[in-house]
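S.K.: This is the structure I want to talk about, given as structure tokens.
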Amino acid sequence: MPDTPPSAQDLAGMRLALVEAGRARQAGEVPVGAVVMQDGQVVGAGYNETVARRLPTAHAEWLAIERALARLDVDRLPGATLYVTLEPCAQCAGGIVLAKVGRVVFGAWDDKAGMAGSVGDVLRHPRLNHRPEVLGGVLAEECGAVLREFFAARRD
Numbered sequence: 006m007p008d009t010p011p012s013a014q015d016l017a018g019m020r021l022a023l024v025e026a027g028r029a030r031q032a033g034e035v036p037v038g039a040v041v042m043q044d045g046q047v048v049g050a051g052y053n054e055t056v057a058r059r060l061p062t063a064h065a066e067w068l069a070i071e072r073a074l075a076r077l078d079v080d081r082l083p084g085a086t087l088y089v090t091l092e093p094c095a096q097c098a099g100g101i102v103l104a105k106v107g108r109v110v111f112g113a114w115d116d117k118a119g120m121a122g123s124v125g126d127v128l129r130h131p132r133l134n135h136r137p138e139v140l141g142g143v144l145a146e147e148c149g150a151v152l153r154e155f156f157a158a159r160r161d
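So for the sequence shown, the numbering used here puts the first residue at 6; every next one is plus one.
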């Protein structure tokens, strides 16, 4: 469970990220989805495309942030919230810090690669010049189930 209860907007944002994760699953990608919202509007969305692009950096968060920056024609997102179905990895956490995303809400914890508290905490590292607000564990069971089902099907 999250430390603080998620708002209705947080739940709606995470459900939109789950839709993106479903798109990833349909494409044969690891089912992680992300959306960037600002002022109640989706300004960027993405899902993992590492296989399709043959690019290990094409993670959902990175693509959603890239699209939000382009759509808003800015180079920082301090007023935005990133919703992502899985705790960000080191790469994505670094990108979130560099883009100065104001807030990060994620679903499932990632005890193997998560950098928002599981393995490390890049997002709240005291020596970095930007530390977004972070809320983890929102719809964690639902987000985790999508990943577990995907990997179980691949093992069969």
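Note that the Cβ used here is the ideal one computed from N, Cα and C, for glycine as well.
Terminal residues of the continuous alpha helix (DSSP H) containing A22?
M.R.: Residue 22 sits at position 17 when you count from the first residue of the sequence shown. Counting along the chain, the alpha helix (DSSP H) containing A22 begins and ends at 13 to 31.
S.K.: I need the straight-line Cα distance from A113 to L21, nearest angstrom please.
M.R.: Position 108 of the sequence shown, counting from 1, holds the residue named residue 113. Position 16 of the sequence shown, counting from 1, holds the residue named residue 21. Cα-Cα distance, rounded: 15 Å.
S.K.: Out of G142, G125, G149, which one is the CA nearest neighbour of L16?
M.R.: Locating residue 16 in the sequence shown gives position 11, where the first residue counts as 1. The option with the nearest alpha carbon to L16 is G142.
S.K.: Give the range of the beta strand (DSSP E) segment to which L140 is assigned.
M.R.: Sequence index remark: in the sequence shown, residue 140 carries index 135 (1-based). L140 -> beta strand (DSSP E) spans 138 to 140.
S.K.: Following the continuous alpha helix (DSSP H) through M90, name the residue where it begins and the one where it ends.
M.R.: If you number the sequence shown from 1, residue 90 lands on position 85. For the record, residue 90 in the displayed sequence is Thr; it is not Met. Here T90 belongs to no alpha helix (DSSP H); instead the beta strand (DSSP E) covers 86 to 91.
S.K.: Would you identify the three-state DSSP class for R132, choosing helix, strand or coil?
M.R.: Residue numbering aside, residue 132 sits at position 127 when the sequence shown is read from its first letter. Coil.
S.K.: Output needed for A73: all residues of its chain with C-beta closer than 7 Å, excluding positions within five of it in sequence on either side, in chain order.
M.R.: Counting from one through the sequence shown, the residue named residue 73 turns up at place 68. So the list reads V41, V48, G49, L82, A85, once near-sequence residues are dropped.
S.K.: Given a cut-off of 8 Å, decide if G125 and E92 are closer than it, judged by their beta-carbon atoms.
M.R.: The residue labelled residue 92 in the question sits at position 87 within the sequence shown. The residue labelled residue 125 in the question sits at position 120 within the sequence shown. Taking 8 Å as the Cβ cut-off, E92 and G125 do not qualify as a contacting pair.
S.K.: I'd like to know whether the C-beta atoms of L152 and P36 end up nearer to each other than 8 Å.
M.R.: As a working mapping, residue 152 is identified with position 147 in the sequence shown. As a working mapping, residue 36 is identified with position 31 in the sequence shown. Yes, the pair counts as a contact, with Cβ atoms nearer than the cut-off.
S.K.: For the region 43 to 102, which segments carrying the beta strand (DSSP E) assignment without a break, of at least 3 residues, lie completely within its bounds, in sequence order?
M.R.: List check, beta strand (DSSP E) in window: 46 to 52, 86 to 91.
S.K.: Beta-carbon within less than 8 Å of E34's beta-carbon, same chain only, minus the 5 sequence neighbours each way: which residues are those?
M.R.: Here residue 34 is taken as the residue at index 29 of the sequence shown, counted from 1. For E34, where only same-chain residues beyond five positions count, the Cβ hits under 8 Å are Y52, N53, E54, T55, V56, A57.
S.K.: With burial defined as no fewer than 16 other Cβ atoms inside 10 Å of the residue's Cβ, what is the status of R108: buried or exposed?
M.R.: Indexing the sequence shown from 1 puts residue 108 at position 103. Counting Cβ neighbours within 10 Å, R108 comes out buried, since at least 16 surround it.
S.K.: Quick check on the DSSP output: the alpha helix (DSSP H) that includes V143 runs from which residue to which?
M.R.: Numbered from 1 along the sequence shown, position 138 holds the residue referred to as residue 143. No alpha helix (DSSP H) contains V143, which DSSP labels as neither H nor E.
S.K.: I'd like to confirm the pairing. Which residues does DSSP put opposite A113 in its beta bridges?
M.R.: As a first step, residue 113 must be located in the sequence shown, where it is residue number 108. Note: A113 sits in a beta bridge opposite L91.
S.K.: Identify which residue in A65, R59, L60 has its Cα closest to the Cα of R28.
M.R.: Stepping through the sequence shown from its first residue, residue 28 is reached at position 23. Checking every option, the nearest Cα to that of R28 belongs to A65.
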